[in-house]
Amino acid sequence: MTQPHYPIRTQRLRLRPVVEADTAAINGYRSLPAVARYLPHPPQSMQDTALTVKSMAGQSALTQPGQWLDLAVEHGESGQLVGEVLLKWDAENSQCGEIGFVFGPEVQGQGVAFEASTAALELAFNDFGWHRVEGICDARNQKSATLMGRLGMRAEARFVESDWSKGEWVSLLHYAVLRREWLARA
1 MTQPHYPIRT
11 QRLRLRPVVE
21 ADTAAINGYR
31 SLPAVARYLP
41 HPPQSMQDTA
51 LTVKSMAGQS
61 ALTQPGQWLD
71 LAVEHGESGQ
81 LVGEVLLKWD
91 AENSQCGEIG
101 FVFGPEVQGQ
111 GVAFEASTAA
121 LELAFNDFGW
131 HRVEGICDAR
141 NQKSATLMGR
151 LGMRAEARFV
161 ESDWSKGEWV
171 SLLHYAVLRR
181 EWLARA
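Numbers 1 to 186, taken from the UniProt record's numbering, label the letters of the sequence shown in order.
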(Lines of atoms letter the chains of each structure in order from A and count residues from 1; the text may use other names and numbers.)
(Lines give C-alpha, C1' and ligand atoms only; values in the text may rest on other atoms or scores of the structure.)
Protein backbone atom coordinates (compact mmCIF):
# COMPACT_ATOMS: atom_id res chain seq x y z
CA MET A 1 0.00 0.00 0.00
CA THR A 2 1.18 3.56 -0.64
CA GLN A 3 3.39 5.19 1.98
CA PRO A 4 1.73 8.50 2.96
CA HIS A 5 3.83 11.65 3.23
CA TYR A 6 3.71 13.06 6.75
CA PRO A 7 2.62 15.26 8.24
CA ILE A 8 -0.71 15.43 6.46
CA ARG A 9 -1.80 19.06 6.74
CA THR A 10 -5.29 20.51 6.76
CA GLN A 11 -6.36 24.10 7.35
CA ARG A 12 -5.91 23.82 11.13
CA LEU A 13 -4.43 20.38 11.78
CA ARG A 14 -1.50 18.04 11.26
CA LEU A 15 -1.93 14.26 11.08
CA ARG A 16 1.08 12.04 11.68
CA PRO A 17 1.89 8.57 12.98
CA VAL A 18 1.60 8.08 16.73
CA VAL A 19 4.91 7.94 18.63
CA GLU A 20 5.63 6.76 22.18
CA ALA A 21 6.11 10.36 23.33
CA ASP A 22 2.35 10.82 22.71
CA THR A 23 1.41 8.51 25.58
CA ALA A 24 0.56 11.20 28.15
CA ALA A 25 -1.46 13.28 25.69
CA ILE A 26 -3.41 10.25 24.46
CA ASN A 27 -4.04 9.12 28.03
CA GLY A 28 -5.38 12.62 28.73
CA TYR A 29 -8.56 11.77 26.81
CA ARG A 30 -8.57 7.94 26.68
CA SER A 31 -8.67 7.89 30.49
CA LEU A 32 -11.89 9.94 30.60
CA PRO A 33 -15.10 7.95 31.22
CA ALA A 34 -17.04 10.19 28.81
CA VAL A 35 -14.57 9.42 26.00
CA ALA A 36 -14.10 5.72 26.79
CA ARG A 37 -17.85 5.15 27.05
CA TYR A 38 -18.07 4.21 23.36
CA LEU A 39 -14.59 2.73 22.95
CA PRO A 40 -14.08 -1.04 23.17
CA HIS A 41 -12.15 -0.68 26.43
CA PRO A 42 -12.79 1.01 29.78
CA PRO A 43 -11.05 4.28 30.67
CA GLN A 44 -7.35 3.57 30.29
CA SER A 45 -4.73 3.87 33.00
CA MET A 46 -1.41 5.41 31.99
CA GLN A 47 0.04 1.89 31.86
CA ASP A 48 -2.76 0.68 29.55
CA THR A 49 -2.29 3.67 27.27
CA ALA A 50 1.48 3.10 27.20
CA LEU A 51 0.89 -0.48 26.00
CA THR A 52 -1.64 0.69 23.40
CA VAL A 53 0.67 3.41 22.10
CA LYS A 54 3.67 1.07 22.05
CA SER A 55 1.73 -1.35 19.83
CA MET A 56 0.97 1.35 17.25
CA ALA A 57 3.97 3.67 17.57
CA GLY A 58 6.12 4.07 14.52
CA GLN A 59 3.59 2.50 12.17
CA SER A 60 3.35 4.89 9.24
CA ALA A 61 1.73 2.73 6.56
CA LEU A 62 -0.65 -0.17 6.12
CA THR A 63 1.37 -3.18 5.03
CA GLN A 64 -1.13 -6.03 5.39
CA PRO A 65 -4.90 -6.53 5.48
CA GLY A 66 -6.43 -6.41 8.96
CA GLN A 67 -3.97 -3.76 10.13
CA TRP A 68 -4.90 -0.41 11.71
CA LEU A 69 -3.08 2.86 11.02
CA ASP A 70 -3.48 5.25 13.96
CA LEU A 71 -2.73 8.88 13.19
CA ALA A 72 -2.23 11.50 15.88
CA VAL A 73 -4.15 14.71 15.26
CA GLU A 74 -2.37 17.90 16.32
CA HIS A 75 -3.50 21.50 16.25
CA GLY A 76 -1.30 23.09 13.60
CA GLU A 77 -0.38 26.22 15.55
CA SER A 78 0.08 24.84 19.06
CA GLY A 79 1.18 21.30 18.19
CA GLN A 80 -1.17 20.02 20.91
CA LEU A 81 -2.31 16.43 20.30
CA VAL A 82 -6.12 16.50 20.49
CA GLY A 83 -7.18 13.12 19.12
CA GLU A 84 -6.66 10.28 16.70
CA VAL A 85 -8.10 9.09 13.40
CA LEU A 86 -7.69 5.46 12.46
CA LEU A 87 -7.90 3.56 9.20
CA LYS A 88 -8.19 -0.22 9.05
CA TRP A 89 -7.38 -2.17 5.91
CA ASP A 90 -10.17 -4.74 5.54
CA ALA A 91 -8.87 -8.28 6.02
CA GLU A 92 -11.48 -9.81 3.72
CA ASN A 93 -11.51 -7.28 0.87
CA SER A 94 -8.29 -5.45 0.06
CA GLN A 95 -10.12 -2.56 -1.62
CA CYS A 96 -12.16 -1.69 1.46
CA GLY A 97 -11.45 -0.26 4.87
CA GLU A 98 -12.84 1.21 8.04
CA ILE A 99 -12.47 4.61 9.69
CA GLY A 100 -12.45 5.30 13.42
CA PHE A 101 -11.77 8.36 15.54
CA VAL A 102 -11.37 9.47 19.13
CA PHE A 103 -11.01 13.05 20.35
CA GLY A 104 -10.70 14.85 23.64
CA PRO A 105 -13.73 16.80 24.89
CA GLU A 106 -11.93 20.15 24.60
CA VAL A 107 -12.19 20.05 20.79
CA GLN A 108 -15.57 18.40 20.39
CA GLY A 109 -18.05 20.60 18.56
CA GLN A 110 -15.32 22.64 16.82
CA GLY A 111 -15.17 20.71 13.53
CA VAL A 112 -11.80 19.16 14.39
CA ALA A 113 -13.03 15.56 14.06
CA PHE A 114 -14.69 16.43 10.73
CA GLU A 115 -11.53 18.07 9.40
CA ALA A 116 -9.26 15.21 10.51
CA SER A 117 -11.66 12.51 9.29
CA THR A 118 -11.97 14.26 5.93
CA ALA A 119 -8.17 14.11 5.60
CA ALA A 120 -8.21 10.41 6.56
CA LEU A 121 -10.87 9.65 3.95
CA GLU A 122 -8.84 11.55 1.34
CA LEU A 123 -5.92 9.30 2.25
CA ALA A 124 -8.08 6.17 2.01
CA PHE A 125 -9.56 6.99 -1.39
CA ASN A 126 -6.83 9.01 -3.12
CA ASP A 127 -3.63 7.42 -1.78
CA PHE A 128 -4.73 3.89 -0.87
CA GLY A 129 -7.24 3.62 -3.73
CA TRP A 130 -9.92 2.03 -1.59
CA HIS A 131 -13.35 1.41 -3.14
CA ARG A 132 -15.34 1.66 0.11
CA VAL A 133 -14.85 2.91 3.66
CA GLU A 134 -17.12 1.89 6.52
CA GLY A 135 -17.63 3.37 9.96
CA ILE A 136 -19.21 1.61 12.93
CA CYS A 137 -20.40 3.18 16.16
CA ASP A 138 -22.45 2.38 19.24
CA ALA A 139 -26.03 3.41 18.43
CA ARG A 140 -26.06 5.63 21.55
CA ASN A 141 -23.06 7.61 20.25
CA GLN A 142 -24.99 10.36 18.49
CA LYS A 143 -21.89 12.52 17.97
CA SER A 144 -20.12 9.81 15.95
CA ALA A 145 -23.26 9.03 13.96
CA THR A 146 -23.72 12.72 13.17
CA LEU A 147 -20.07 13.06 12.15
CA MET A 148 -20.29 10.13 9.76
CA GLY A 149 -23.40 11.64 8.20
CA ARG A 150 -21.63 15.00 7.79
CA LEU A 151 -18.76 13.18 6.09
CA GLY A 152 -21.20 11.97 3.44
CA MET A 153 -21.38 8.44 4.77
CA ARG A 154 -24.81 6.84 4.51
CA ALA A 155 -26.43 4.88 7.34
CA GLU A 156 -26.63 1.32 6.00
CA ALA A 157 -27.65 -0.77 8.98
CA ARG A 158 -28.58 -0.87 12.63
CA PHE A 159 -27.67 -4.13 14.30
CA VAL A 160 -29.75 -4.42 17.46
CA GLU A 161 -27.89 -5.72 20.51
CA SER A 162 -25.24 -7.28 18.27
CA ASP A 163 -22.12 -6.55 20.33
CA TRP A 164 -21.28 -7.56 23.90
CA SER A 165 -19.31 -4.64 25.34
CA LYS A 166 -18.43 -3.84 28.93
CA GLY A 167 -21.05 -6.15 30.40
CA GLU A 168 -24.00 -5.22 28.20
CA TRP A 169 -25.45 -5.83 24.75
CA VAL A 170 -25.14 -2.77 22.55
CA SER A 171 -26.62 -1.93 19.18
CA LEU A 172 -24.29 -0.84 16.39
CA LEU A 173 -24.80 1.58 13.50
CA HIS A 174 -22.97 0.90 10.24
CA TYR A 175 -22.17 3.73 7.82
CA ALA A 176 -20.32 3.65 4.50
CA VAL A 177 -19.21 5.77 1.56
CA LEU A 178 -17.94 4.64 -1.83
CA ARG A 179 -14.96 6.19 -3.58
CA ARG A 180 -17.12 7.51 -6.44
CA GLU A 181 -19.50 9.13 -3.92
CA TRP A 182 -16.59 10.71 -2.05
CA LEU A 183 -15.05 12.10 -5.22
CA ALA A 184 -18.42 13.44 -6.46
CA ARG A 185 -19.20 15.35 -3.25
CA ALA A 186 -17.18 18.46 -4.19
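Positions of the beta carbon are idealized from the N, C-alpha and C atoms, including for glycine. Since the model is a prediction, treat every value here as computed from it, not as a measurement.
Counting the other Cβ atoms within 10 Å of the Cβ of A91 gives fewer than 16, which makes it exposed. For the pair L51 and W182, the Cα-to-Cα distance works out to about 35 Å. For the set R12, I8 and H5, the Cα lying nearest the Cα of G111 is the one of R12. Here the region 99-113 makes contact with the region 32-49; the two share three or more CB pairs at distances below 8 Å. Contact annotation: A139 and L86 have beta-carbon atoms that are not nearer than 8 Å. Between the region 14-24 and the region 55-72, the count of Cβ pairs shorter than 8 Å is three or higher; the stretches touch.
In this structure, L39 keeps its C-beta atom at 8 Å or more from the C-beta atom of A119.
Residue burial annotation: Q142 is exposed, with fewer than 16 other C-beta atoms found within 10 angstroms of its C-beta. Shown here, E134 sits in a strand according to DSSP, grouped into three states. Residue environment for A113: buried (at least 16 other C-beta atoms within 10 angstroms of its C-beta). For S60, there is no enclosing beta strand (DSSP E), as DSSP marks it with neither H nor E.
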